[in-house]
Amino acid sequence: MIRIISILVGAFFSLALLWSVGKGAVSYVTEPPKETVEHAFHLAPKEVEFESDGAFGKFDNQQLQRGFKVYKEVCSACHALKLVAFRDLKAIGYNDDEVKAIAKGFQVPAYNKNTGEVVTKEGVAADHFPPVLYAGQGTPPDLSLIAKARHEGPEYVYSLLTGYQEQPAELLKKFPDAKTPEGLHYNPYFANLNLAMPQPLTADDQVTYTDGTKATVDQMSKDVAAFLIWTAEPKLDKRKQTGWAVLGFLLFATVLAYMAYRNVWAEKKGH
Amino acid sequence: MRRRDFINIAAVSAAGVGGVITLLPLISQMAPSADVLAESSTEIDISAIQPGQAIKAVFRKQPVFVRNLTPKEISEAEAVDVSSLRDPQTLKERTKAGKENWLITMGVCTHLGCVPLGAGEGEVKGEFGGYFCPCHGSVYDTAARIRKGPAPKNLQVPEYAFTTDTVVKIG
Amino acid sequence: MSFPWANEYKPSHPLMQWMDEKLPLPRFVYNAVGAGYPVPRNLNYAWNFGVLAGFCLALQIVTGVILAMHYAANTGVAFDSVEHIMRDVNWGWMLRYAHANGASAFFVVVYVHIFRGFFYGSYKAPREMIWLLGVVIFLLMMATAFMGYVLPWGQMSFWGAQVITGLFSAIPLVGDPLHTWLLGGFAPDNAALNRFFSLHFLLPFVIAGVVILHIWALHIPGSSNPTGVEVKQESDTVPFHPYYTAKDGFGLGVFLIGYCALLFFFPNALGHPDNYIPANPMQTPAHIVPEWYFWPFYAILRAFTQDFLFIPAKLMGVLAMFSAILVWFFLPWLDRSPVRSGHFRPTFRKFYYALIVDALVLGYCGGSPAEEPFVMISQIAAIYYFAHFLIILPIVSAIERPDPLPFSITEAVLGSDETAPAAA
């Protein structure tokens, strides 16, 4: 009895699905889905390597400091970094006094206990990077986690910064309605191809590097992407170090466990 | 000991060592986190505190009493025979040289951690004119030394320094 | 019940004798997972996964209780409190990654455990109750995992909560009020986040309770084994300790190597980037998918794209998705073959492998965007899924000619068994 019921139920689900397959197939043929402009012209991020890549990769503090400089002098005009505290910058090689000086350069929100007014004060090491007021077009995202909040985040940041270009003529020929709207900028690495952010890094030496590295647009883009890997995952180095120690120990313990297992079973025939 | 016994014991020991090491981060996570440790200093503007007045500031999420002693309170504190005290200390030892009128102590009773009265406007100062803890009746004098009641120690003086004449940095 | 040849607990130390009289907990453990539990001697590595699942549950409870010490269930601060754990709490990054990837590891282990049951007929009499409790555990795990994923209050958390609770609005008549009641509002917000946190904390302990029942039920008939032939004699079994404790110890080591490699080197590989964006009720991510362990069921949900008879497509999808798991409850009565193990069921075996491929295809489609060809592939795969359990298994078990079974476990292991009757 239960088998008859089950076969009937199975037939019911199968028929419902076949109905969906059939109607789907018909509509696929009668109204084939149109290719979208994003589908045709969006590009996956460029291949680019970072010092912190791979199981043995480590942050390069020099690069992170250059990247921080790019963030501070260019990105921070519109993008906040609210999950990062100034004290965290010690991890990328700044000493206490440098951190204090950096913090002092930012006005952070505070409130006056006596009057209840919301005011700003000079930052101290314990403060986080302040929110950024932005009144222009678009909504600049907070950059603290951007390297983890996008597929292939670091490569995406680098590709976006170096990917601004004229809208290809081919695109307009194929999709005449897809002209980049006024005030937006064409970038094939952005999900819908047009973004509000104008090209932020436009010329070599836009940021002055003090460590002798040539500040090309490509280099600055890579450095700030590396810096954003750090802001998104500040414990990356410690994580990998711990990981190797743990795996080493586990390998040793597992070999021992295997030998003990073979020992225990040694007297059993047929195993 | 046979070789196979040795391996079995080694395997169980390795598991035990691994288990104990795993406990370390589980214990360490309950210690103060980086953001809590980072806040461990506080700057206080003392310019508005008149003689005889006190304010409560916050240091490590605990109250700090900053008190501007009057000459009378200073002489009262200095008149006490130190050897008769439960926790013998002079006012000089509890203040900075040249700034004896500034008594800066934690506002945490050394008995069981209540906040003593006496720093706020109009609060009871207790029979020795300093602080009075209402929880269990500890009485502190004008140098915030324990004089009566169950508390074992004087109110703690935190580490601090005058960064200018009107600003104190605690911690 | 236990086999008559099981070792008996005999405490030698007076303190243990005293304990045994007052509270025989050591005796209980001895008989449950110690030398007092005779287990078939021929278990293969597929049988390691029960113990591993228990380990994963313990791991999730320990790391979860710790994370709850630092997490704050409020939509205003939940996201930041998770980042606080990642950045400021001592070892917080490790504990959080251990918990997030621990959920994935738990599901990997449990899926292997379930598919082992499918192949070796572990659900068959007299072990139906073990199987039913196992399905209950799986359902509770799914609920727990879903609610846990909501807690960081990222974009995927929010939209996952929106979509999954939206399933209940498909129910005729009571759907919409039920949906509002589940959320405590019209969209996921503080009320929903707080109750999800509360239940996410509670349910693992309920799971632990059902696990105890699951193991209790297991000890009535004893463990099954790869031949599917019941234990007949002492030479068919070995005591659980030290034989299987040693084997499980080794298995645990191998499991931990894989798990730690994931945790320390690819901690975000199984997550979704959008969940590092704080929840935004005004904007849905372009491509929303649940965690990987829900993908096969998600594919079945999405496979129903057309109204069927008088049933709307939405309701049909929800019905089918729940049925895809509920059908497991009936498995002991759908597969009536007297032979348990797939080793001796040539026809069943082919369909079993097809089911594995089918589940992987469904999973792949469930994780892909809802566009062709994935929709049509998932529809065909879903047909096979239901046909497998509801049509193929009942028919195959009735018409299949199984291969000859060994006389006993001893014979299967050693090639001969002196207690076996002479070959006819």
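So the sequences go chain by chain: A, B and C.
Just so we're aligned, residue -14 is where the first sequence starts under this note's numbering, counting upward by one.
Just so we're aligned, residue 110 is where the second sequence starts under this note's numbering, counting upward by one.
Just so we're aligned, residue 2 is where the third sequence starts under this note's numbering, counting upward by one.
Ideal Cβ positions, reconstructed from N, Cα and C, are used throughout, including at glycine.
Bear in mind that the values here come from a model prediction, so they are computed numbers and not experimental data.
- For the options C:Glu373, C:Thr166, C:Tyr299, the alpha carbon positioned closest to that of Val151 of chain C is the one of C:Thr166.
- For His85 of chain C, the residues of chain B that pass the 8 Å Cβ criterion are Ser142, Asp144, in the order they occur in the chain.
- By the Cβ rule, the segment 72 to 87 of chain C does not count as touching the segment 259 to 268 of chain C, because fewer than three pairs are nearer than 8 Å.
- The continuous beta strand (DSSP E) containing Lys257 of chain B extends over residues 255 to 257.
- Listed as beta-bridge partners of Thr272 of chain B by DSSP are no residues whatsoever.
- Around the C-beta of Trp48 of chain C, 16 or more other C-beta atoms lie within 10 Å, and the residue is accordingly described as buried.
- Chain-ordered, the chain C residues with CB closer than 9 Å to the CB of Ile(-8) of chain A read Leu391, Ile392, Pro395, Ile396.
- When Cβ-Cβ separations below 8 Å define contact, Trp215 of chain A makes no contact with chain C.
- Contact between Ile77 of chain A and Ala132 of chain A is ruled out by a C-beta separation of about 15 Å, above the 8 Å threshold.
- Apart from the 5 residues on each side of it in sequence, Thr306 of chain C sits with its Cβ closer than 7 Å to the Cβ of Ala314, Val376 in its chain, given in chain order.
- With at least 16 other beta carbons inside 10 angstroms of its own, Ser409 of chain C counts as buried.
- Rounded to whole angstroms, the separation of the alpha carbons of Phe349 of chain C and Ile396 of chain C is 10 Å.
- Closer than 7 Å at the C-beta level to chain A, one finds these residues of the segment 249 to 262 of chain C: Gly250, Phe251, Gly254, Val255, Leu257, Ile258, Cys261, Ala262.
- Listed as beta-bridge partners of His113 of chain A by DSSP are A:Ala70.
- For the pair Val110 of chain C and Tyr277 of chain C, the Cα-to-Cα distance works out to about 27 Å.
- No Cβ of chain A is located within less than 8 Å of the beta carbon of Gly231 of chain B.
- Of the candidates B:Ile118, B:Ile130, B:Phe115, B:Asn117, B:Ile130 places its Cα closest to the Cα of Phe234 of chain A.
- Looking at the DSSP output, Ile153 of chain B sits in a beta bridge with B:Val277.
- Residues of chain A with a Cβ closer than 9 Å to the Cβ of Glu148 of chain B are, in chain order, Ala111.
- Between Tyr72 of chain C and Val83 of chain C, the C-beta spacing is below 8 Å.
- Secondary structure within the segment 290 to 348 of chain C: not one fully enclosed beta strand (DSSP E) run of 3 or more consecutive residues is present.
- Secondary structure note for Met139 of chain B: it is in no alpha helix (DSSP H), with a DSSP letter that is neither H nor E.
- Ala88 of chain A places its beta carbon 8 Å or farther from that of Ala147 of chain B.
- Using beta-carbon distances, Asn8 of chain C does not count as an interface residue toward chain B, since no partner is under 8 Å.
- Residue burial is scored here from C-beta neighbours: Trp4 of chain A has at least 16 other C-beta atoms within 10 angstroms and is therefore classed as buried.
- By the criterion of a C-beta distance shorter than 6 Å, Ile213 of chain B is surrounded in its chain by Val175, Tyr269, once the five residues flanking it on both sides are discounted.
- The count of Cβ pairs closer than 8 Å, one atom from the segment 215 to 223 of chain A and one from the segment 232 to 240 of chain C, stays below three, leaving the stretches out of contact.
- Within chain B, Arg113, Ile116, Asn117 have C-beta atoms less than 7 Å from the C-beta of Asn248 of chain A, given in sequence order.
- Among the residues facing chain B, Phe234 of chain A is included, as its CB has a counterpart in that chain under 8 Å away.
- Nearest C-alpha to Leu2 of chain A among C:His344, C:Pro5, C:Leu302, C:Asp404: C:Leu302.
- For Ser82 of chain C, the uninterrupted alpha helix (DSSP H) segment begins and ends at 79 to 88.
- For Ile357 of chain C, the closest of C:Phe120, C:Asn195, C:Ala280, C:Asp336 by C-alpha to C-alpha distance is C:Phe120.
- Minimum Cα-Cα distance from Val290 of chain C among the listed residues C:Phe159, C:Val328, C:Val175 corresponds to C:Phe159.
- Using a Cβ distance threshold of 8 Å, Ala163 of chain A and Val117 of chain A do not count as a contacting pair.
- Taking a contact to require three or more Cβ pairs closer than 8 Å, the segment 2 to 20 of chain C and the segment 226 to 244 of chain B do not qualify as touching.
- Remark: C-beta atoms of Tyr171 of chain A and Gln204 of chain A do not approach each other more closely than 8 Å.
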